[in-house]
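I have placed the structure first, in the form of structure tokens, so that the comments after it can refer back to it.
Numbering (my numbering), first residue to last: 258 to 451.
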């Protein structure tokens, strides 16, 4: 029995599922996960297998056919699981890539982690210093604001008190001037008396 996909130039794992009926032998599939032609051929073979199951299932010898159908279903499930797993070649390529990275890190790239830690520590130190400086400036500005508010309040009280004193003094002086010379009250003090 020959598999239709064996003509490929690279070696392949062949999983053969043979279903026999009078005068028919079928190879179910080969695994070529990365070859679209092989996948298409696998699907065609599965369809042919399903068609043959129907033919065999309706014939004589039902118990033997039932056993073959169960075995066939088990093998098809195994095939699906195997085609979903990573192939040995893919796993070998990933392993080689990881080993190359490890060697690079051991040679000179190992300092990359230390550099990253140093940069991280420097950034953290800078942010802590900047935050402390900003908090100090904020506290200083807050203290100046409180002092300015207190000075403003004191000046407002002083101005209110002084204005009242000057108004009383103006009233007192007007009464004195009015007693001495009432004409002086009507004249402009900047121009003098006439």
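Note that beta-carbon positions come from the ideal geometry of N, C-alpha and C, so glycine has one too.
Report the residue from the options whose alpha carbon sits nearest the alpha carbon of residue i.
i, options, result
"residue 308", "292, 295, 326, 297", "326"
"residue 455", "359, 383, 299, 416", "The first residue shown for the chain is 258 and the last is 451, placing residue 455 beyond what the model contains."
Given a cut-off of 9 Å, decide if residue j and residue i are closer than it, judged by their beta-carbon atoms.
i, j, result
"residue 329", "residue 310", "yes"
"residue 333", "residue 362", "no"
Report, in whole angstroms, the separation of the C-beta atoms of residue i and residue j, which I expect to be a contact under 8 Å.
i, j, result
"residue 453", "residue 442", "Nothing in the structure corresponds to residue 453, since the chain is present only between 258 and 451."
Just checking residue i against the ligand MN - is the residue's beta carbon closer than 8 Å to any of the ligand's heavy atoms?
i, result
"residue 427", "This structure simply doesn't include the ligand MN, nor any ligand for that matter."
Check your understanding: Can you list the alpha helix (DSSP H) stretches of 4 or more residues lying completely in the segment 392 to 428, in chain order?
Key -> Correct list: empty.
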